[in-house]
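2 protein chains.
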Amino acid sequence: MQDSRWLKERAGKGTRRLASGEALFCRGDASFGMFILEAGRVRLRRCGRDGSEVTMQTVAPGESFAEPSLFSPVYHCDCVAVRESVVTVLPKTRVLGFLGNDSAFAAAFALRMARQLQHARTRFELRGIRSADERVLGALLLLSDERGEVALPGTLKDLAVEIGLTHEAFYRALARIERAGRIRRTGRRIALLA
Amino acid sequence: MQDSRWLKERAGKGTRRLASGEALFCRGDASFGMFILEAGRVRLRRCGRDGSEVTMQTVAPGESFAEPSLFSPVYHCDCVAVRESVVTVLPKTRVLGFLGNDSAFAAAFALRMARQLQHARTRFELRGIRSADERVLGALLLLSDERGEVALPGTLKDLAVEIGLTHEAFYRALARIERAGRIRRTGRRIALLA
DNA sequence: CGTCACATTGATGCCTCTCAAAGCTTGTGG
DNA sequence: CCACAAGCTTTGAGAGGCATCAATGTGACG
Numbered sequence: 005m006q007d008s009r010w011l012k013e014r015a016g017k018g019t020r021r022l023a024s025g026e027a028l029f030c031r032g033d034a035s036f037g038m039f040i041l042e043a044g045r046v047r048l049r050r051c052g053r054d055g056s057e058v059t060m061q062t063v064a065p066g067e068s069f070a071e072p073s074l075f076s077p078v079y080h081c082d083c084v085a086v087r088e089s090v091v092t093v094l095p096k097t098r099v100l101g102f103l104g105n106d107s108a109f110a111a112a113f114a115l116r117m118a119r120q121l122q123h124a125r126t127r128f129e130l131r132g133i134r135s136a137d138e139r140v141l142g143a144l145l146l147l148s149d150e151r152g153e154v155a156l157p158g159t160l161k162d163l164a165v166e167i168g169l170t171h172e173a174f175y176r177a178l179a180r181i182e183r184a185g186r187i188r189r190t191g192r193r194i195a196l197l198a
Numbered sequence: 005m006q007d008s009r010w011l012k013e014r015a016g017k018g019t020r021r022l023a024s025g026e027a028l029f030c031r032g033d034a035s036f037g038m039f040i041l042e043a044g045r046v047r048l049r050r051c052g053r054d055g056s057e058v059t060m061q062t063v064a065p066g067e068s069f070a071e072p073s074l075f076s077p078v079y080h081c082d083c084v085a086v087r088e089s090v091v092t093v094l095p096k097t098r099v100l101g102f103l104g105n106d107s108a109f110a111a112a113f114a115l116r117m118a119r120q121l122q123h124a125r126t127r128f129e130l131r132g133i134r135s136a137d138e139r140v141l142g143a144l145l146l147l148s149d150e151r152g153e154v155a156l157p158g159t160l161k162d163l164a165v166e167i168g169l170t171h172e173a174f175y176r177a178l179a180r181i182e183r184a185g186r187i188r189r190t191g192r193r194i195a196l197l198a
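Residue numbers (the numbering used here), protein chains in the order written: chain A, 5 to 198; chain B, 5 to 198.
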């Protein structure tokens, strides 16, 4: 949220450095508080017993995360660093204090929650699309600007995982919708047509 | 949220009655505000051009909904009444006013957003399970109490839709996991075993 | 007792996952 | 500057599972 600096200065309690792959917390751990990512990248995921793994959120520098844990005794996700990262720690009690006393902060907090909820629902909707072609097209639409230029956040392989397809199925879908004339690829650029 | 009575009295601006199947708002409509369901049942859904339909949230009496629309110029879902329903209307500006001035209310609001976010993520995780058997089992686990008794919210068919399976696939999965001895069915009761 | 919706089972086909292999790109070290 | 390694990209073949279409059983309610 925009108040991240403000929040950090008032509620921050030091930073923590994470090595690539290191876990900040795991599902079931007593919740210590929320965090702001200073540098690097972290991922919130849930794992099934069978080894399956679903990414709930990928956090970019400047963003806060694990807000729901403020209201919960334990974490509900694992948090692992995708690469070396630095996070600011915001202990639960302090943030909850601000939330109960500073209505401007509370409103900003609610706004961020609402945005994340919409984002989660959009991802949910996208995953509900059965056809690989339509799902890929939907994902590209979400990533595109008004001119139809798609801004890829990472590799295509990453995008495949993000939208819940194997990379093979994803590449095949991409090839099909290009042959169908619905996108044009130029190197690593993708443009939506019509 | 618990403050629903409080909120209604202060921010409520009349009620609206919906016939079964009637839409309260549609995606893209200018957002008027949020709502509290007084009676009946409503469903928030997103539809694809191809006729596909994903339910984002099912609202029970006493619950508020469409909170994210406070921060958005338009609605991002359709809202339709599952059966005849009554809602209290909470205009945007009024609620935003409270949010900016009353920190206790803002904190409660943030809490509800956080809960909904966790709920959305749990549903997302469930849908990520490929195997119909495991997905059904996961859903039953979420619906069960500590004794393993499953509280069905509606019909089995509804549950099938909720977890993203056709009713046929769902019934077959249910039959398989019962044969495997992981659940026991007695009439319309389901109990998880071990 | 008839209707309607839920519940259940069967047969078939398509689509995605999986395993496999080969090109391609990027970066690193000699 | 080249050679090699590692990871991304791409295509192939096969199998399994869920959707789909179809039909019947079952229960609630007027």
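Cβ coordinates follow ideal geometry from the N, Cα and C atoms, glycine included.
{"query": "Proximal chain A residues relative to A114 of chain B, where beta-carbon distance stays under 7 Å", "result": "L103, A110, F113, A114, M117"}
{"query": "Beta carbon proximity, M38 of chain B to chain A, threshold 8 Å", "result": "no"}
{"query": "Helix, strand or coil at P72 of chain B according to DSSP, with G and I counted as helix", "result": "helix"}
{"query": "Top-ranked residue by Cα proximity to G55 of chain B, from A:A111, A:E138, A:G25, A:G152", "result": "A:E138"}
{"query": "Touch test, the region 69-84 of chain A against the region 31-43 of chain A, Cβ-Cβ under 8 Å, three pairs minimum", "result": "yes"}
{"query": "Status (buried if at least 16 other CB within 10 Å, exposed otherwise) for D149 of chain A", "result": "exposed"}
{"query": "Collapsed DSSP secondary structure at A203 of chain A in the structure displayed", "result": "Outside the displayed range of chain A (5 to 198) lies residue 203 of chain A, so it cannot be described from this structure."}
{"query": "Neighbouring residues, chain A, relative to E129 of chain B (Cβ below 7 Å)", "result": "R50, V58"}
{"query": "L141 of chain A to E42 of chain A span [Cα, whole Å]", "result": "33 Å"}
{"query": "Beta-ladder partner(s) of V91 of chain A, from DSSP", "result": "A:R20, A:L41"}
{"query": "Chain B contact for P77 of chain A (CB, 8 Å cutoff)", "result": "no"}
{"query": "Distance, F174 of chain B Cα to G132 of chain B Cα", "result": "16 Å"}
{"query": "Other residues of its chain near A2 of chain A: CB distance less than 8 Å, five sequence neighbours each side excluded", "result": "Nothing about residue 2 of chain A can be reported from this structure: the residues present for chain A run from 5 to 198 only."}
{"query": "Chain A contact for M5 of chain B (CB, 8 Å cutoff)", "result": "Any reading at M5 of chain B must be qualified, since the residue scores a pLDDT of 48, below 50, and its modelled position is unreliable; no value is offered."}
{"query": "Contact the region 105-123 of chain B vs the region 38-52 of chain B: 3+ CB pairs below 8 Å", "result": "no"}
{"query": "Contact set for R18 of chain A: own chain, Cβ-Cβ below 8 Å, skip 5 residues either direction", "result": "Note that residue 18 of chain A is Gly in the sequence shown here, rather than Arg. Closer than 8 Å at the Cβ level, and outside the excluded window around G18 of chain A, lie T92, V93."}
{"query": "Whether A23 of chain A touches D82 of chain A by CB criterion (8 Å)", "result": "no"}
{"query": "Residue range of the beta strand (DSSP E) that includes T62 of chain A", "result": "57-63"}
{"query": "Interface residues of the region 154-183 of chain B facing chain A [CB-CB below 8 Å]", "result": "G168"}
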